[in-house]
Amino acid sequence: MPKKKLGMMLSTPPADKNSAMVISLANAAILEGIETYIYLIDDGVYNIGRPEMNALEDAGVRLFACAYGAQQRGIPINSDRQTIFAGLVTLSDMIKGCDRFITFN
Amino acid sequence: MNTKVIILIQSNPIESHRPSEGIRMALGLAACNHLVDIILLNQASLLLSNKIEYLVDGENAQKYLAELKEYLTAFFVDKETVEETINLSDEYKVVSLSRHEIAQKIAAAACFVRF
Numbered sequence: 000m001p002k003k004k005l006g007m008m009l010s011t012p013p014a015d016k017n018s019a020m021v022i023s024l025a026n027a028a029i030l031e032g033i034e035t036y037i038y039l040i041d042d043g044v045y046n047i048g049r050p051e052m053n054a055l056e057d058a059g060v061r062l063f064a065c066a067y068g069a070q071q072r073g074i075p076i077n078s079d080r081q082t083i084f085a086g087l088v089t090l091s092d093m094i095k096g097c098d099r100f101i102t103f104n
Numbered sequence: 000m001n002t003k004v005i006i007l008i009q010s011n012p013i014e015s016h017r018p019s020e021g022i023r024m025a026l027g028l029a030a031c032n033h034l035v036d037i038i039l040l041n042q043a044s045l046l047l048s049n050k051i052e053y054l055v056d057g058e059n060a061q062k063y064l065a066e067l068k069e070y071l072t073a074f075f076v077d078k079e080t081v082e083e084t085i086n087l088s089d090e091y092k093v094v095s096l097s098r099h100e101i102a103q104k105i106a107a108a109a110c111f112v113r114f
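Heads up: the sequence lines are chains A and W, in that order. Residue numbers for the first sequence follow numbering that gives the first Met the number 0, beginning at 0 and rising by one. Residue numbers for the second sequence follow numbering that gives the first Met the number 0, beginning at 0 and rising by one.
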């Protein structure tokens, strides 16, 4: 049976409580064997490189970030982490392809 | 299958870039064949006014809106606020909704994004 897929979009910076919620849900989803995808957009790109996000990547979460948003904020998009810098087509595919897609704004 | 996406914009575009970002996202998703509805609450309806120069990132928002209107049947605005306070540009087709109608639209969508 194919694994369930959970997608989450985060558009707020690390100081917002949304970040902790996304990290917590992603950790729980991974433990349940759910394929988990996160798309960071707008001020959500400030979460790139946080130890908690790096740990999620190491645990198998597929982490995407809006390349436009990162460039607008001076965040380098040639990171050596697994974060994939992408556009809205990727977000579109995530919405279409996940069993559940939730947004944190 | 094309997913129905509601993008509800409630931030004030005079103070925040988030309304413009919401419009950018709406354009991207509409261009990817999602069925997108935009609902503008409170001062967010200023995006459809002639006062774009007073808005944060207003120039970009105007560019996105010019393309986005080709994908939408109409922009939806909150009947309770827009009729009293904001003169909308006649460039856009606009439909006023009651709060009850807005709630029904959100409930019927597969994906809901708030800016």
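Glycine included, each C-beta is placed from N, C-alpha and C at the ideal position. Just so you know, these numbers come straight off a predicted model, no measurement behind them.
**Prompt:** Does the beta-carbon distance from residue 66/A to residue 76/A come in below 7 Å?
**Reply:** Judged by beta-carbon spacing, residue 76/A lies within the 7 Å limit of residue 66/A, meaning their Cβ atoms are closer than that value.
**Message:** Would residue 100/A and residue 17/A qualify as a contact pair, given that the criterion is a beta-carbon distance under 7 Å?
**Reply:** no
**Message:** Considering Cα atoms alone, identify which of 25/A, 72/A, 30/A, 35/A is closest to residue 51/A.
**Reply:** 25/A
**Message:** Pull the bridge partners of residue 113/W from the DSSP assignment, please.
**Reply:** 7/W
**Prompt:** Does the distance from the C-beta atom of residue 35/W to that of residue 43/W stay below 7 Å?
**Reply:** no
**Prompt:** In whole angstroms, what separates the C-alpha of residue 10/W from that of residue 80/A?
**Reply:** Looking at the two C-alpha atoms, the distance is approximately 33 Å.
**Request:** Would you list, in sequence order, the uninterrupted beta strand (DSSP E) runs of no fewer than 3 residues that lie entirely inside the region 55-107 of chain W?
**Result:** 74-77, 93-96
**Message:** Is there a Cβ of chain A sitting closer than 7 Å to that of residue 112/W, yes or no?
**Reply:** Yes, residue 112/W lies at the interface with chain A (some Cβ there is under 7 Å from its Cβ).
**Request:** Classify residue 88/A as buried or exposed, calling it buried when 16 or more other Cβ atoms lie within 10 Å of its own Cβ.
**Result:** That one is exposed.
**Message:** So, under 8 Å CB-CB, residue 55/W and residue 88/W are touching, yes? Tell me the CB distance rounded to an integer number of Å.
**Reply:** Actually they do not touch by this definition, with Cβ atoms about 18 Å apart.
**Request:** Could you check what DSSP says for residue 21/W in three-state terms: helix, strand or coil?
**Result:** helix
**Request:** Please report the residue range of the alpha helix (DSSP H) in which residue 16/A lies.
**Result:** 16-30
**Message:** On the DSSP bridge list, what partners appear for residue 48/W?
**Reply:** 87/W
**Message:** Nearest by alpha-carbon distance to residue 31/A: which of 74/A, 96/A, 94/A, 4/A is it?
**Reply:** Residue 31/A has its Cα closest to that of 4/A, out of 74/A, 96/A, 94/A, 4/A.
**Asked** Residues of chain W with CB under 8 Å from residue 46/A, in chain order?
**Response** By Cβ distance, chain W contributes nothing, its closest Cβ being about 16 Å from residue 46/A, past 8 Å.
**Prompt:** Less than 7 Å separating the beta-carbons of residue 26/W and residue 71/W?
**Reply:** no
**CB of residue 45/A within 7 Å of CB of residue 93/A, strictly** = No. Outside cutoff.
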